[in-house]
Amino acid sequence: MGATKAVTDASFASDVLKSDKPVLVDFWAEWCGPCRKVSPLLEEIAGEMGDQVTIVKLNIDENPETARAYRVMSVPTLTVFKNGEPVQSIAGAKPKGELVKLIESVL
């Protein structure tokens, strides 16, 4: 298991909202430095916790509708969805331990 998956405005409902397990969405952008710092951490976590949580990435420049719908004002914004609802969210690059805590809070 592992590795993050890219989602789009078109696939967001089926990949995130209808998922049977919690989903961590990384709202990111190509030009965002902190996003590049978080990305390898999310890959690691996806490898370690992939059976409990799905980790997906949504490029806000290519998929503005979803970012707007969830009022993403800064990147990276990491939001955990459970049963189709956003339940926890943090903005900015965080250390791996904090990202794992965010996920564990909804398991």
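Residue numbers (the UniProt record's numbering): 1 to 107. For glycine and all other residues, C-beta sits at the position ideal for the given N, C-alpha and C. Computed from a prediction, not measured in an experiment: that's the story for all the values here.
Identity of the residues DSSP links to residue 59 by a beta bridge
Partner residues in the beta bridge of residue 59, as assigned by DSSP, are 28.
Applying the criterion that 16 or more other CB atoms from any shown protein chain within 10 Å of the CB defines a buried residue, is residue 83 buried or exposed?
exposed
Who are the Cβ neighbours of residue 65 in its own chain at under 6 angstroms, not counting the five residues just before and after it?
Once the five neighbours on either side are set aside, the close Cβ partners of residue 65 are 9.
Pull up the distance between the alpha-carbon of residue 87 and that of residue 33, whole angstroms please.
26 angstroms
Need the endpoints of the beta strand (DSSP E) that residue 75 sits in, please.
No beta strand (DSSP E) holds residue 75; DSSP gives it neither H nor E.
Keeping to the same chain, check which residues put their C-beta closer than 8 angstroms to that of residue 96; ignore five residues upstream and five downstream.
41, 44 and 45
Going straight from the alpha carbon of residue 7 to that of residue 58, what length do you get?
Cα-Cα distance, rounded: 5 angstroms.
Let me confirm a value: residue 107 is counted as buried when at least 16 other C-beta atoms fall within 10 Å, else exposed. Which label applies?
exposed
Are the CB atoms of residue 22 and residue 80 nearer to each other than 7 angstroms?
yes
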